[in-house]
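J.:
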Amino acid sequence: MQTQQARPAQKKQGAPRSSVLHIALGIAAAAIPVITVLLVYEIGNGSMPSIQAYGLNFLFTSDWNPFPANGGPPILGALPSMYGSVVTTVLSLIFAVPISLGVALFQAELAPRSVRAPSLFLVEMLAAVPSVVYGLWGLFALVPFMRDYVDAQLGSTLGFLPIFRGETDGLGMLTAGMILAIMIIPYASSVMREVITAVPTSQREACIALGATKWETIKTAVLPFARTGLIAGIVLAMGRAIGETMAVTMVIGNVARISPSLFLPAETIPSVIANEFTEVAGNGIYLGALFELGLILFGMSFLMNLAGRVIISKLGFKAKQE
Amino acid sequence: MLDYNSKRKYSNLLYFFFASVCFLVALIPLLSILYYTIVNGVSVLSVDFFTKVTPPIGVSGGGILNALVGSLLVVAIACLIGIPLGVLGGAYISEYPGKFSYYVRLLAEILTDVPSIVTGIFVYELIVAATNHFSAWSGGVALGFMMIPIVAISTDESLKLVSSTLREGGLALGISRAKTLIYILLSTARAGVVTGIALAVARVMGETAPLLFTALGGQFLIHSPNEPTSTLTILIYNFGTSPYANAHAIAWGAALILLFMVLGLNIIVRLASRLKVKGEI
Amino acid sequence: MPATLPTVALLGAGATFPAPLIQTWTVQFNQIYSGVTISYNPIGSGGGIQQITQKTVDFGASDAPLSNAQLAATPELGLFPETLGGVAITYNLVPFGLANGTVLNFTPNVLVGIYSGTITHWNDPAIAAINPGVSLPVNLITAVHRSDGSGTTYAFTNFLSDVNINWATEVGYATSVKWPVDTAMNANGVGSKGNAGVAGTVAQTPGAIGYVDLIYAVQNHLGIGAVMNAAGNYVSPTVQTILWAAQNATGTPNPSDLRLHIVNAQGAQSYPIATYTYLLTYKDMSLNPDLTQQKAQVLAYFFWWAVHGGQQYSEGLDYVPLPANVVAADEQFLLTLNYQGTPLLPSSMTTG
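Chains as they are written, first to last, in the numbering used here: chain X, 1429 to 1750; chain R, 94 to 374; chain H, 1461 to 1812.
1. Buried or exposed: Ser-99/R, going by 16 or more other Cβ atoms within 10 Å of its Cβ?
2. Report the residue from Leu-352/R, Ala-338/R and Val-355/R whose alpha carbon sits nearest the alpha carbon of Gly-154/R.
3. Indicate the three-state DSSP secondary structure (helix, strand or coil) for Val-137/R in the structure shown.
4. Under DSSP, the alpha helix (DSSP H) around Gly-183/R begins and ends at which residues?
5. Between the alpha carbons of Gly-134/R and Pro-1502/H, how many angstroms are there, rounded?
6. Cβ closer than 9 Å: which chain X residues qualify as neighbours of Ile-1503/H?
7. Any chance you could list the alpha helix (DSSP H) runs of at least 4 consecutive residues sitting entirely within the stretch 225 to 298 of chain R, in chain order?
8. What first and last residue would you give for the beta strand (DSSP E) that runs through Thr-1737/H?
9. Between the C-alpha atoms of Ala-1479/H and Arg-198/R, what's the straight-line distance to the nearest angstrom?
10. Taking DSSP's pairing of strands, which residues face His-1605/H in a bridge?
11. What does the Cβ neighbour count give for Met-1574/X, buried or exposed, with the cut at 16 atoms within 10 Å?
12. Give, in chain order, every unbroken run of the alpha helix (DSSP H) that is at least 4 residues long and sits entirely within the stretch 1439 to 1485 of chain X.
13. Checking contacts by CB at 8 Å: is Asn-225/R closer than that to chain H?
14. Take the Cβ of Ile-277/R as the centre, count every other Cβ of all protein chains shown within 10 Å, and call the residue buried at 16 or more, exposed below.
15. Could you give the DSSP three-state label for Trp-1765/H: helix, strand or coil?
16. Out of Thr-1484/H, Asn-1693/H and Val-1678/H, point me to the one whose CA is closest to Gln-1729/H's CA.
17. Just verifying my parser: in three-state terms, what is the DSSP assignment at Asn-1714/H?
18. Is it the case that the CB of Leu-199/R approaches a heavy atom of the ligand FAD more closely than 7 Å?
19. Quick check on the DSSP output: the alpha helix (DSSP H) that includes Ala-1665/X runs from which residue to which?
20. Taking just the CA atoms, how far does Thr-322/R sit from Leu-236/R?
21. Taking only the alpha-carbon atoms, compute the straight-line gap between Val-1578/X and Ile-121/R and give it to the nearest angstrom.
22. If distances are taken between C-alpha atoms only, which option among Val-1465/X, Glu-1552/X, Ala-1609/X and Glu-1537/X comes closest to Val-1518/X?
23. Which runs of the alpha helix (DSSP H), 4 residues or longer, sit entirely within the stretch 1525 to 1561 of chain X?
24. Between which two residues does the beta strand (DSSP E) carrying Thr-1701/H extend?
25. Under the DSSP definition of a beta bridge, which residues are partnered with Trp-345/R?
26. Is it the case that the Cβ atoms of Ala-271/R and Leu-1725/X are separated by a distance below 8 Å?
27. By the criterion of Cβ-Cβ separation under 7 Å, what are the contact partners of Phe-1495/X in chain H?
28. Counting only beta-carbon atoms, is Pro-1480/H nearer than 8 Å to chain R?
29. Quick one: give me the first and last residue of the beta strand (DSSP E) that Asn-1528/H is part of.
30. Roughly how many angstroms separate the alpha carbons of Ala-1684/X and Ser-1513/X, rounded to a whole number?
31. For the alpha helix (DSSP H) containing Ala-1788/H, name the first residue and the last one.
32. Keeping to the same chain, check which residues put their C-beta closer than 8 Å to that of Gln-1438/X; ignore five residues upstream and five downstream.
33. What alpha helix (DSSP H) runs, 4 residues minimum, are completely inside the stretch 1472 to 1540 of chain H?
34. What's the call for Thr-258/R, buried or exposed, on a 16-neighbour Cβ count within 10 Å?
35. Is Arg-1632/X close to chain R, meaning its C-beta is less than 8 Å from at least one C-beta of that chain?
36. In the structure shown, what three-state DSSP assignment does Met-1809/H receive?
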């Protein structure tokens, strides 16, 4: 730490000099609201041709036909991609939430001191892997595994259920849901761990004093206390999952389809944009529809993250983002 | 039937088992990714791999030189934008609390949650469509926009941790706020600020979606940032989804390099902060 | 061709169909003129048309010719064919027991059935009937198509529309269509990005069928089908059969409208799904704000080289060298390329 020599009394320069710093830093800080406003403006503006053409129907149309056979204007709707986004996100939560809770409990309560730091570190590494590397691994490792083992098993045992009907090549909603689950575990477990750690030790000690086992302590003292925070963790993880692009695009099969079977290829909002954005052949409505999908995605992710953060701030501490 | 205490013992064991299994299950993908990347990537590494540019579709040989340079360039541009605006913006939030700061901090958190593909189409409309030009610049700007809020938030958090005694001490000595900030506060919070920057760099280095519509891609080493360029991430996406074994091999090699840089940065940063905690203030 | 060219970076984008050839050209051109780096990004024909219309690239490429409406909207755009090739019907059945190298026959109506989702399994009677003696697997057909805007889709659906009236009215032909197989019950349609993506998906998915430019099928050692042509013969795509299609159907190219339709060509052994593919450029290159006169001239030289010196690389990559009358028409078109009226190529250009 640097120390300054004691200076002779300075001229009264406090106010102007602070103002310069204030303004300089303020300008830097203003970049953030400016970027936000620009973002919303550009995306909203880009969506206008589609909003004007379809109105609210866009959200309920299941067709995605940019070049109809009769040469008319494109018939586009958000429903197939919204369906895919929602289904893969829900799937990912079904797998990720229990595992994240287990991981969080392990890290917060179970791990011996020497194991704790490495356990935190390893899960954080899961979050650091770039999405496109997940996608590459997904294509060559997860897809064949799903196709040859998981889907085959599910199909033969539970194939009467509509969600497991049909043959599969491994590219589809189930695989996408799995890869999303893996990717959101670090985020969900991090929030859950913070929430669990935040439960006052007095509660825990009271349970131990009464002779409770570790599990009973968790069950009666920690989890009820932490319940709201756990929900916040789930909501934040949802917000992440819905915006995930590269890994999902590489394993979901890229077809505009709404089908109950999880084995079949589908698409999500980010995968549609990634596949089709550079190719919109000079077509105002088509490009507008892709922007509108971006707007919908921004809105969904914004709402989920806002909800998660509001819940957490009400609990009095911040969630770590790394 | 088990007696009551045995049931308690067994449910406790079950809990241990469940939590440990969950942890191990969560690790399996990480280990699998490392295994696949290392095994597939190592076999393609060679001098050629680092000195040649990407091959045309379906042609064997080639390397990742232009993609590697492209990644470094795009991240460098992102840092030029993200570090100054992020650090100074974060300093503002921490040093001048008030309504404006509150909203800036809130918007920063919202911006960190924006899906990166939305940032991509935003910057496409803002720069590429307006100038009719794909470029490494626009890719760097997209990543820079992503860096600013991350760095601002971590700078704010780090500065907040500096005790107010130090702040007041500086002012008590008659040092201007600017010098207090630079010489006392930021240097004390240095570790946290640098950590935040390094993690933000690791994050944007691994991004693909925002670059698909801005930096676009390319087959040669570029002469200036005005040209479009490939990056490690764009390469992995294009070559990974192509049908050629040679392209797949190059994609794995690029993934190995990328993982090495991104995970390496993460590891260094975390080790360093752990050492700092043990060693210094 | 000049002895040297200045250091210049150019950007093209568009069809994945000719991408292996165009990228080979840019590498070779860079060997001759070491300062000229031309990056070609295969993003699909739709993207090529979009980007050149938006002037975000220096030239575009598309297998789908500009429609009359598109040309009317941007009359300053011109196109010329730089190569031609065949759309192969490719399949992955070796894991299901089909002997390596077996050539399956397909009629247009069978292909319509597969991509409509009415023919869902490989041992369907319709397929068995035209492939006597082949033991077809019982498995599901995964019908792979493009997920992006594609000239290959255009050529393939153009062919299906030519031969099947139901397809023509219900689906039509375009760079992107609504594939009935995607929504049909019990069928499995999958979309992949680019010719590379379709070939990759077919290569990794046992039981898959896809339509790709010939080189993508050959290089991936995938099964390549024989398609029934207008004369009623089953023809496999080769440089020779595609060339016959071109020779029979090209006619006399008109330099001011070089769009050529050679799908379902006459001729005993003509391959029925053959297509030219086009480079798109502004005739007056000054209209593209990114192009200085110097850059425009280098680009014009590249175009000239591509249809002359570049053609020697075609056969090695399973593309067909342009027939002489098409090259002559291209030359006439290229000589009209100008920069605010000043022609970019000297009128004394010979085939250099």
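Note that beta-carbon positions come from the ideal geometry of N, C-alpha and C, so glycine has one too.
T.: This is what the structure gives:
1. exposed
2. Ala-338/R
3. coil
4. 158 to 188
5. 25 Å
6. Thr-1706 and Glu-1707
7. 229 to 254, 257 to 265 and 283 to 298
8. 1734 to 1742
9. 47 Å
10. Gly-1651/H
11. buried
12. 1442 to 1482
13. yes
14. buried
15. helix
16. Asn-1693/H
17. strand
18. The ligand FAD is not part of the structure shown, which contains no ligands of any sort.
19. 1651 to 1671
20. 14 Å
21. 16 Å
22. Ala-1609/X
23. 1541 to 1556
24. It is not in any beta strand (DSSP E) - Thr-1701/H instead sits in the alpha helix (DSSP H) that spans 1699 to 1709.
25. None; Trp-345/R has no bridge partner.
26. no
27. Ala-1634, Thr-1635, Ser-1636 and Val-1637
28. yes
29. Careful: Asn-1528/H lies outside any beta strand (DSSP E), inside the alpha helix (DSSP H) at 1528 to 1533.
30. 12 Å
31. 1784 to 1795
32. Any reading at Gln-1438/X must be qualified, since the residue scores a pLDDT of 47, below 50, and its modelled position is unreliable; the value itself is stated next. Once the five neighbours on either side are set aside, Gln-1438/X has no close Cβ partner at all.
33. 1479 to 1492, 1505 to 1514 and 1528 to 1533
34. exposed
35. no
36. coil
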